[in-house]
Ligand code: NAP
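In our numbering, the protein residues as written are 157 to 468.
This is the structure we're talking about:
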C-alpha cells in the first residue's frame with residue numbers, strides 16, 4: 157500500500173480564498189476590517205517566522221494585522237498592560253500571544269488576561285471550558301485544521317479508534333476533546349498517549365487514525381502501525397535535513413492509507429483556522445454573535461471515501 161498524501165497546503169489555499177470572499181462582503185457591509193494583533197516577546201527565530209506567516213496570510217485574505225514586538229526581558233506586568241490595551245482597543249478583534257514566552261513569564265497567567273471574546277487561539281479557560289462542554293466558541297487552530305483536513309478527504313472520525321500522541325494544551329488535549337464530542341468531527345473512541353505511556357507501540361498499533369503531536373523527529377515508524385491507518389503528523393522539527401515531522405514519512409507511506417506531509421500538511425491549515433477565528437471574533441464584537449455559517453461542509457456528516465480501507 158502507498159498512502160495518499162493529504163495536501164494541507166492546497167486545502168488551506170482554498171479555504172483562505174473562500175474566507176477572503178466572505179470577509180470582503182462582511183467588511184463592506186459593516187465598514188469594519190477584522191483585525192488580528194500578534195504579540196511577540198523576544199527574538200526566537202521560529203516564532204518570528206510563524207508570526208510573519210500569519211500576518212501575510214491575514215493581509216492576503218483581507219484581514220488587518222498588527223504586530224506588537226516586545227524585548228526578551230519584558231517584565232510580565234508590562235506584557236499584561238499591553239494585553240489590557242489590546243483588549244480595550246475596539247479596532248482589534250483577535251489577539252494572539254505567540255508561544256513559547258520567555259521563561260520568566262507565566263504563560264497561563266498571560267493567556268488568562270486575553271479577553272475571551274478576542275482569544276482567537278482558544279486558550280483562555282473560558283474557551284477551553286466551552287470546548288470541553290461541547291459548545292466551542294473559538295476552536296484552537298491546529299485541532300480545527302486537523303478536523304477540516306480529515307473532513308475534506310472524506311475520512312470520518314465517527315466510530316474510529318483515534319490514538320493521539322501528545323497531551324499539550326494547544327494540540328493533544330483540545331483535539332482529543334473535539335474527537336470525543338457528539339456529531340460531526342467527533343464520535344471517535346480516543347486514546348491519548350504521552351511521555352509516561354509505556355510501550356507506545358501497543359497503543360499505536362490499535363489506531364485507525366493516528367495523530368502525532370510530540371516534537372520528536374521521525375519517532376513513529378511503520379513497525380508501530382497497522383496497515384491502512386490514517387496518519388496525521390503535527391510535528392515540526394528543525395533538523396540538519398530541514399523541517400521534519402514526528403513520523404518517518406518514507407516508511408509510513410508504505411503502510412498507511414493516508415498521510416500528511418511536513419511541511420505542507422497540518423501547518424498551513426493552522427494558519428487558515430486562525431484567520432477564520434479572527435473573522436468570527438470580529439463578528440462577535442460587531443454583531444454580538446458569530447453570524448457566518450460554518451465553513452462549507454463543516455456541519456454535514458462526513459461521507460466515507462470510497463478508496464478507504466474501511467469503505468463498505
Ligand atoms: P509539547 O507541548 O512539547 O507537547 C509534547 C507532548 O508529547 C507532551 O504531551 C509529551 O508528554 C509528549 N511526548 C514527548 N515525548 C514523548 C515520547 N517519547 N512518547 C510519547 N509522548 C511524548 O508540544 P506541542 O506544542 O503539542 O507540539 C508538538 C509538536 O507539534 C511540535 O513539534 C510542534 O512544533 C508541533 N506543532 C505543530 C503545529 C502545526 O501547525 N503543524 C502546531 C503546534 C505544534 P508529557 O506531557 O508527558 O511531557
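No residue lacks a Cβ here, since even glycine has one placed at the ideal position from N, Cα and C.
Restricting to Cα atoms, I'd like to know which of the options is closest to residue i.
i, options, result
"residue 310", "250, 413, 231", "413"
"residue 383", "176, 361, 285, 428", "361"
"residue 422", "262, 331, 441, 197", "331"
"residue 375", "403, 394, 396, 184", "403"
"residue 432", "216, 267, 261, 195", "216"
"residue 162", "427, 398, 387", "387"
"residue 319", "164, 259, 368", "368"
"residue 224", "198, 335, 326, 321", "198"
"residue 280", "228, 315, 326", "326"
"residue 243", "262, 205, 192, 301", "192"
"residue 296", "442, 428, 440, 444", "428"
"residue 214", "165, 434, 443, 441", "434"
"residue 341", "233, 416, 290, 373", "290"
"residue 189", "218, 204, 171", "218"
"residue 230", "257, 206, 211, 245", "257"
"residue 301", "439, 416, 445", "416"
"residue 430", "418, 293, 286, 186", "293"
"residue 313", "298, 245, 334", "334"
"residue 228", "203, 210, 285, 299", "203"
"residue 391", "385, 397, 365, 419", "419"
"residue 337", "347, 299, 298, 288", "288"
"residue 187", "241, 232, 247", "247"
"residue 373", "400, 357, 365", "400"
Let me know if residue i comes out buried or exposed under the rule of 16 or more other beta-carbons within 10 Å of its beta-carbon.
i, result
"residue 208", "exposed"
"residue 437", "buried"
"residue 274", "buried"
"residue 394", "exposed"
"residue 277", "buried"
"residue 221", "buried"
"residue 447", "exposed"
"residue 265", "exposed"
"residue 328", "buried"
"residue 158", "exposed"
"residue 172", "buried"
"residue 315", "exposed"
"residue 359", "buried"
"residue 389", "buried"
"residue 284", "buried"
"residue 170", "exposed"
"residue 452", "Caution is warranted here: a pLDDT of 47 is assigned to residue 452, below 50, making its placement in the model unreliable, and the coordinate value is therefore given only provisionally. Burial call: exposed."
"residue 470", "With the chain covering only 157 through 468, there is no way to say anything about residue 470."
"residue 205", "exposed"
"residue 363", "buried"
"residue 175", "buried"
"residue 210", "buried"
"residue 398", "exposed"
"residue 185", "exposed"
"residue 468", "Unreliable placement is indicated for residue 468, whose pLDDT of 43 sits below 50; no coordinate value is reported for it."
"residue 201", "exposed"
Could you round the C-beta distance between residue i and residue j to whole angstroms and report it? I think they count as a contact, below 8 Å.
i, j, result
"residue 226", "residue 236", "That pair is no contact at about 11 Å."
"residue 238", "residue 270", "That belief does not hold up - the Cβ atoms of residue 238 and residue 270 are roughly 11 Å apart, past 8 Å."
"residue 322", "residue 370", "5 Å"
"residue 305", "residue 164", "6 Å"
"residue 308", "residue 167", "5 Å"
"residue 282", "residue 272", "4 Å"
"residue 263", "residue 426", "Not quite, the Cβ-Cβ distance comes to about 18 Å (not below 8 Å), so this is no contact."
"residue 411", "residue 385", "7 Å"
Cβ of residue i within 7 Å of any heavy atom in the ligand MG?
i, result
"residue 353", "In the structure shown, the ligand MG is absent; the only ligands present are the ligand NAP."
Validate contact between the stretch 340-353 and the stretch 371-387 using beta carbons, cut 8 Å, 3 pairs
no
Contact between the stretch 236-254 and the stretch 395-411: three or more CB pairs below 8 Å?
no
Curious, which full-length beta strand (DSSP E) runs of at least 3 residues does the stretch 239-304 contain?
250-253
Within the stretch 321-395, ranges of the alpha helix (DSSP H) (whole runs, at least 4 residues)
328-336, 356-360
For the stretch 194-232, list the alpha helix (DSSP H) runs that are entirely contained and at least 4 residues long, ordered along the chain.
201-216
Give the list of continuous alpha helix (DSSP H) stretches no shorter than 4 residues that lie fully inside the stretch 416-449.
422-443
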